[in-house]
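Everything on this sheet refers to the single structure shown next.
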Amino acid sequence: SSAPGSGKSTLAYPLTAHLNAVLSGRPEKTFAVDSSTGLIPSMKAGPSSLPESPISAGGGGDEVAICVGLDGWHHSRKELDKFEDPDHAHFRRGAAFTFNLPSYLSFVQRLRIPLSPLPPPRAIPFPTFNHALKDPTPSPISILPPHRIVIIEGLYTMLDRPGWRECAEMMDLRVWVETDRQVCRERVIRRNFEAGIVDDLKACEERVVDASDMVNGDEVRQNRYLPTDIIEPKDDLSLGNGNAST
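Residue numbers are given in the UniProt record's numbering: position 11 of the sequence shown equals residue 11, and the series is strictly consecutive.
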């Protein structure tokens, strides 16, 4: 977990691919990272836009690791329309209160079901965020019994707030990505501007990033549940051929 623009996704997804390559003996996919945005170029529309996401990389059916993005638990736009203040909910989409926390909590609880002595669930489905539709959709794949390593990446996976705290406590490892706040801000400004969210750079800074993304980032920084590990990646994050620049 960490703030927007910290490099969570650009560590989590290549790490998943690296684990599967090492454990299966297959060649590893190389990821290049744009340090100005903190994203893999194919992820500029969002992590779920990866053309060959590590959650399904390999195709041999022998994957041990799988990566799940918290963005799949965003409330849909129709659900936000039903909030007490729909305009505020839409503007603040991405804040913790705009996520379906009960559904996410249920998902994490299912992950903790032991594989024995009772037969494990055949599959544990999860949602993903479709950036073309701007709403969550069911993932085309599910978590299966062979998936012994489940990496969940997202803004609130270590939020020390009711409900979120219970989810964090169930994690075997809680990894915090420590990235300078100004670096995060610059990355998110460029990311949002290039995505066309706002066509004016100054408006992007003031109305989108500072009024929303940075508020969310400060929330998780100030209310961080106890991490088991803290990593400090360099601004030129890269992970390829099994090597991470951290």
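Quick reminder that beta carbons are idealized off the backbone N, C-alpha and C, glycines included.
Could you give the residue range of the alpha helix (DSSP H) that holds Pro127?
-> Along the sequence shown, read from residue 1 onward, the residue named residue 127 stands at position 127. Segment Pro127 to Asn130 is the beta strand (DSSP E) holding Pro127; no alpha helix (DSSP H) there.
Take the Cβ of Phe129 as the centre, count every other Cβ of all protein chains shown within 10 Å, and call the residue buried at 16 or more, exposed below.
-> Along the sequence shown, one-based indexing puts residue 129 at 129. Phe129 is classed as buried because its beta carbon has at least 16 other beta carbons within 10 Å across all chains shown.
Measure how close the beta-carbons of Leu111 and Val150 come, nearest whole angstrom, since I'm counting them as under 8 Å.
-> The residue labelled residue 111 in the question sits at position 111 within the sequence shown. The residue labelled residue 150 in the question sits at position 150 within the sequence shown. That belief holds up - the Cβ atoms of Leu111 and Val150 are roughly 6 Å apart, short of 8 Å.
Ser76 and Pro136 look like a contact to me (Cβ under 8 Å); what is the Cβ gap, rounded to whole Å?
-> As a first step, residue 76 is located in the sequence shown; it is residue number 76 there, counting from the start. As a first step, residue 136 is located in the sequence shown; it is residue number 136 there, counting from the start. That belief holds up - the Cβ atoms of Ser76 and Pro136 are roughly 6 Å apart, short of 8 Å.
Residue range of the beta strand (DSSP E) that includes Gly119 = On the sequence shown, position 119 is the one that residue 119 refers to. The displayed chain sequence assigns Pro, not Gly, to residue 119. No beta strand (DSSP E) holds Pro119; DSSP gives it neither H nor E.
Three or more C-beta pairs closer than 8 Å, one from the segment 152 to 160 and one from the segment 204 to 211: is that the case here?
-> no
Per DSSP, which residues does Arg93 bridge with? Please list them.
-> On the sequence shown, position 93 is the one that residue 93 refers to. Beta-bridge pairing links Arg93 to Ala95.
Give the DSSP-derived three-state secondary structure of Arg224 in the structure shown.
-> Residue mapping note: residue 224 aligns to position 224 of the sequence shown, counting from 1. Reduced to three states, the DSSP call for Arg224 is strand.
Is Cys184 closer than 8 Å to Pro4 when the C-beta atoms are compared?
-> Within the sequence shown, numbered from 1, the residue matching residue 4 stands at position 4. Within the sequence shown, numbered from 1, the residue matching residue 184 stands at position 184. Yes, Cβ-Cβ distance for Pro4 and Cys184 is below 8 Å.
In angstroms with no decimal places, state the Cα-to-Cα distance between Ala195 and His90.
-> Locating residue 195 in the sequence shown gives position 195, where the first residue counts as 1. Locating residue 90 in the sequence shown gives position 90, where the first residue counts as 1. Approximately 18 Å, taken between the alpha carbons.
Using only alpha-carbon positions, find the residue among Gln222, Val215, Thr179 and Ile197 that is nearest to Glu232.
-> Against the sequence shown, residue 232 aligns to sequence position 232. Among Gln222, Val215, Thr179 and Ile197, the Cα nearest to that of Glu232 is on Thr179.
State the DSSP-derived secondary structure class of Thr157, mapped to helix, strand or coil.
-> Taking the first residue of the sequence shown as 1, we reach residue 157 at position 157. Residue state, collapsed to three classes: coil.
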